[in-house]
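Let me begin by presenting the structure, written as structure tokens, before commenting on it.
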Amino acid sequence: AQSVTQLGSHVSVSEGALVLLRCNYSSSVPPYLFWYVQYPNQGLQLLLKYTTGATLVKGINGFEAEFKKSETSFHLTKPSAHMSDAAEYFCAAVNTGGFKTIFGAGTRLFVKA
Amino acid sequence: DVKVTQSSRYLVKRTGEKVFLECVQDMDHENMFWYRQDPGLGLRLIYFSYDVKMKEKGDIPEGYSVSREKKERFSLILESASTNQTSMYLCASSLAGGSYGYTFGSGTRLTVV
Chain Z
1 AQSVTQLGSH VSVSEGALVL LRCNYSSSVP PYLFWYVQYP NQGLQLLLKY
51 TTGATLVKGI NGFEAEFKKS ETSFHLTKPS AHMSDAAEYF CAAVNTGGFK
101 TIFGAGTRLF VKA
Chain G
1 DVKVTQSSRY LVKRTGEKVF LECVQDMDHE NMFWYRQDPG LGLRLIYFSY
51 DVKMKEKGDI PEGYSVSREK KERFSLILES ASTNQTSMYL CASSLAGGSY
101 GYTFGSGTRL TVV
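Going line by line, the protein sequences match chains Z and G. For the first sequence, this note's numbering begins at 1 and goes up steadily by one. For the second sequence, this note's numbering begins at 1 and goes up steadily by one.
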């Protein structure tokens, strides 16, 4: 069955530092891949998605993610962290031809001043 | 701006009460979903619907039911609320097909006392 693994339940970075949140999926056929962000006491918001085509995907708020089929990975990055980036981030996958989303367990990002 | 609206942000109910959580979307989306989110357990799918009057059980349907009489509205019903149903409940919707991603509501934090 499809699964999504996020490495690290908590990640802490300094303001201005690189943000790297890791995500791996398990599927023999590359699925559709997504990153969502959740601010405290809010629902999830779509950050970016990969469906087909270019493997480097740009999203909102300066985030981007790269799909690497050989590594079954879809890591999320941002060159310079801002205090407002502190939130929980979820990686998610949908099997091609399906519509049910499999979510990772989430990674909480802390940004230190 | 497209929206998924959950009727209540915070609810406090007594054990044994019948509880209705309402979700309305204005995007003409075919698919609608109910999740609950608990610390350490991530997002767990309760029920989903891919068309009016259609419903499918998710991973944790016990103690819940749903209703979708109109395309835009998807209601979650707790038949007899229990303390272990205290949680954050998230509604989401999506277009048919899996490549579009979900739009989430802001969530309802339910406390059962």
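Note that beta-carbon positions come from the ideal geometry of N, C-alpha and C, so glycine has one too. As the structure is a prediction and not an experimental result, all values here were calculated from the model.
Around the C-beta of residue 94(Z), are 16 or more other C-beta atoms found within 10 angstroms, so that it is buried, or is it exposed?
Buried.
At a Cβ threshold of 8 Å, is residue 142(G) touching chain Z?
Outside the shown range of chain G (1 to 113) lies residue 142(G), about which nothing can therefore be said.
Anyone know if the C-beta pair for residue 90(G) and residue 43(Z) falls short of 8 Å?
It is a contact, given that the beta carbons lie within the stated cut-off.
Go through its chain and collect everything with a Cβ distance to residue 14(Z)'s Cβ below 6 Å, but skip five positions before and after it.
Sequence-distant partners of residue 14(Z) (beyond 5 residues in either direction) whose C-beta falls short of 6 Å from its own C-beta, in its chain, are 112.
contact_flag[the region 72 to 84 of chain Z, the region 17 to 34 of chain Z] where n(CB pairs < 8 Å) is 3 or more
Enough Cβ pairs lie closer than 8 Å, so yes.
Less than 6 Å between C-beta atoms, sequence neighbours within five positions excluded: which residues of the same chain meet that for residue 102(G)?
92, 94, listed in sequence order.
If I measure Cβ to Cβ from residue 24(G) and keep anything under 6 Å in the same chain, skipping five residues before and after, which residues do I get?
Beyond the five residues adjoining it in sequence on each side, residue 24(G) comes within less than 6 Å, by CB distance, of 5, 72, 73 in the same chain, given in chain order.
Along the beta strand (DSSP E) that carries residue 65(Z), what are the first and last residues, could you check?
That run of the beta strand (DSSP E) goes 64 to 68.
Chain-ordered chain G contacts of residue 46(Z) [CB-CB under 8 Å]:
Chain G residues near residue 46(Z): 101, 102, 103.
With 16 other CB atoms within 10 Å as the buried threshold, where does residue 39(G) fall?
Label assigned to residue 39(G): exposed.
Using a cut-off of 7 Å between C-beta atoms, extract the partners of residue 34(Z) located in chain G.
Going along chain G in sequence order, the residues near residue 34(Z) (Cβ under 7 Å) are 101.
Given a threshold of 16 other Cβ atoms within 10 Å of its Cβ, counted over all protein chains shown, does residue 47(G) qualify as buried or as exposed?
With at least 16 other beta carbons inside 10 angstroms of its own, residue 47(G) counts as buried.
Report yes if the CB atom of residue 58(Z) is closer than 8 Å to the CB atom of residue 32(Z), and no otherwise.
Judged by beta-carbon spacing, residue 32(Z) lies beyond the 8 Å limit of residue 58(Z), meaning their Cβ atoms are not closer than that value.
If we cut at 8 Å on Cβ distances, does residue 133(Z) have a partner in chain G?
Because chain Z in this structure spans residues 1 to 113, residue 133(Z) falls outside the shown range and cannot be described.
Contacts that residue 42(Z) makes with chain G (C-beta to C-beta distance below 8 Å)
Those within 8 Å of residue 42(Z) in chain G are 106, 107.
What is the DSSP secondary structure of residue 85(Z), counted as helix, strand or coil?
Residue 85(Z): helix per DSSP, three-state reduction.
Round the Cβ separation of residue 10(Z) and residue 110(Z) to the nearest angstrom and send it over; I've been treating them as touching at under 8 Å.
Indeed they touch by this definition, with Cβ atoms about 7 Å apart.
Per-residue burial, residue 67(Z) [other beta carbons within 10 Å of its own, 16 or more giving buried]:
Residue 67(Z) comes out buried.
Are the beta-carbon atoms of residue 87(G) and residue 37(G) separated by less than 8 Å?
Cβ atoms of residue 87(G) and residue 37(G): closer than 8 Å.
Once you ignore the five residues that flank residue 44(G) on each side, which residues in its own chain have a CB closer than 7 Å to its CB?
Excluding sequence neighbours, residue 44(G) sits near 35, 36, 59, 60.
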